[in-house]
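Report on one structure; see the data block that follows.
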Amino acid sequence: MPDIKLNLSLHDSPPSAPIAADAALTRADRVYYTLRNEIFDMHLLPGDRLTEGAIAERFAVSRTPAREALQRLQSDGLMQGYVRGGWEVVPIDNKRFDDLYEMRQMIETFAVRKLCSGEAPQAELHLLLDALDRTWKVGRAQRIADGHRLVELDEALHHALVAAAGNDELTATMQRVTDRIRVVRRLDLVHGDGIAETYDEHAAILDAVRRGDSALSVELVSRHIGGSQASVNGLTLQRLRAVRTDTGRDVVAHAPARPRRTS
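Be aware that the sequence shown starts at 1, since it is given in UniProt numbering, and climbs by one per residue.
Here is the structure:
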């Protein structure tokens, strides 16, 4: 079983915390991490458009690091380019999210099935479950109401269980899937009403894994992911825009409208 030290550190800095202060970062790194965090935090929303020139001016860099950062975001599945230096935050695409959630379900059900099989060292697994219990099996008065923090803890639980299964390639794939669905998952927990359900469902999953009940663990994980997927499918661009309006966020500098194709 892999080292689970990181999995137990559930109260460390979130993965989307600003990293731009690191002196070792290149100019492209600084642009990349800042824009990525703005997408995750919904300062930049699906469908928002911007240009390399505007990004270069904002960060006081040339177009080369700006383009490199945007290309990295494209590799992450968060941005897409079109013409003349124009870029767009990847729009809501229900088929794409259905595919990502299907992949997530395959990974996580494999992980809990393996954990329940007894292949993982039991002492280390129970240490992990004990740490997760301290976060998720608490009274209602102790539950975290801050949706942003809850998203971080939610991701930590799912990644801890997958990492504990010991397949490094699946763990890396899970990270990529998480990055691609994070913006809509945050919208569900930060501005939705799924906090109570998240606590209850996580506690039930942890109990089933601790008992080694493979069938129930798979059923609970599948139902949990399916509920999240159903919430995502109900999202609309109008709802995303309303979030920015409700929170008073400024609209980003947009690129010119995407040119229409001529037949």
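Cβ coordinates follow ideal geometry from the N, Cα and C atoms, glycine included.
On a predicted model such as this, the values are computed, not experimentally measured, just so you know.
Alpha carbon to alpha carbon, how far is residue j from residue i? Give it in angstroms, no decimals.
{"i": "residue 214", "j": "residue 177", "result": "24 angstroms"}
{"i": "residue 280", "j": "residue 107", "result": "This structure does not reach residue 280, given that the chain is present from 1 up to 263, and the question cannot be answered."}
{"i": "residue 172", "j": "residue 225", "result": "19 angstroms"}
{"i": "residue 110", "j": "residue 60", "result": "46 angstroms"}
{"i": "residue 35", "j": "residue 29", "result": "10 angstroms"}
{"i": "residue 65", "j": "residue 132", "result": "40 angstroms"}
{"i": "residue 163", "j": "residue 146", "result": "26 angstroms"}
{"i": "residue 94", "j": "residue 233", "result": "6 angstroms"}
{"i": "residue 222", "j": "residue 186", "result": "19 angstroms"}
{"i": "residue 33", "j": "residue 41", "result": "12 angstroms"}
{"i": "residue 195", "j": "residue 114", "result": "28 angstroms"}
{"i": "residue 159", "j": "residue 175", "result": "8 angstroms"}
{"i": "residue 210", "j": "residue 130", "result": "10 angstroms"}
{"i": "residue 69", "j": "residue 31", "result": "6 angstroms"}
{"i": "residue 139", "j": "residue 26", "result": "45 angstroms"}
{"i": "residue 125", "j": "residue 89", "result": "39 angstroms"}
{"i": "residue 98", "j": "residue 127", "result": "33 angstroms"}
{"i": "residue 143", "j": "residue 181", "result": "24 angstroms"}
{"i": "residue 154", "j": "residue 161", "result": "11 angstroms"}
{"i": "residue 179", "j": "residue 91", "result": "15 angstroms"}
{"i": "residue 200", "j": "residue 74", "result": "36 angstroms"}
{"i": "residue 227", "j": "residue 135", "result": "21 angstroms"}
{"i": "residue 156", "j": "residue 168", "result": "16 angstroms"}
{"i": "residue 122", "j": "residue 170", "result": "21 angstroms"}
{"i": "residue 71", "j": "residue 24", "result": "20 angstroms"}
{"i": "residue 148", "j": "residue 242", "result": "17 angstroms"}
{"i": "residue 57", "j": "residue 67", "result": "12 angstroms"}
{"i": "residue 117", "j": "residue 103", "result": "21 angstroms"}
{"i": "residue 202", "j": "residue 230", "result": "17 angstroms"}
Can you tell me which of the three DSSP states residue i falls into?
{"i": "residue 6", "result": "Here the model assigns residue 6 a pLDDT of 34, short of 50, so the residue's position is not dependable, and the following value carries that caveat. Residue 6: helix per DSSP, three-state reduction."}
{"i": "residue 89", "result": "strand"}
{"i": "residue 50", "result": "strand"}
{"i": "residue 81", "result": "strand"}
{"i": "residue 171", "result": "helix"}
{"i": "residue 43", "result": "coil"}
{"i": "residue 144", "result": "coil"}
{"i": "residue 95", "result": "helix"}
{"i": "residue 226", "result": "helix"}
{"i": "residue 138", "result": "coil"}
{"i": "residue 199", "result": "helix"}
{"i": "residue 62", "result": "coil"}
{"i": "residue 24", "result": "coil"}
{"i": "residue 29", "result": "helix"}
{"i": "residue 38", "result": "helix"}
{"i": "residue 231", "result": "helix"}
{"i": "residue 76", "result": "coil"}
{"i": "residue 117", "result": "coil"}
{"i": "residue 278", "result": "This structure cannot settle anything about residue 278, because the visible part of the chain is limited to 1 through 263."}
{"i": "residue 179", "result": "helix"}
{"i": "residue 130", "result": "helix"}
{"i": "residue 207", "result": "helix"}
{"i": "residue 213", "result": "coil"}
Name, in chain order, the residues that DSSP records as bridge partners for residue i.
{"i": "residue 103", "result": "Answer is none; residue 103 lacks a bridge partner."}
Mind reading off the beta-carbon distance from residue i to residue j? Whole number of angstroms is fine, and I expect it under 8 angstroms.
{"i": "residue 46", "j": "residue 183", "result": "7 angstroms"}
{"i": "residue 204", "j": "residue 189", "result": "Wrong, their Cβ atoms sit about 18 angstroms apart, outside the cutoff."}
{"i": "residue 85", "j": "residue 53", "result": "6 angstroms"}
{"i": "residue 87", "j": "residue 63", "result": "That pair is no contact at about 12 angstroms."}
{"i": "residue 137", "j": "residue 206", "result": "7 angstroms"}
{"i": "residue 78", "j": "residue 39", "result": "5 angstroms"}
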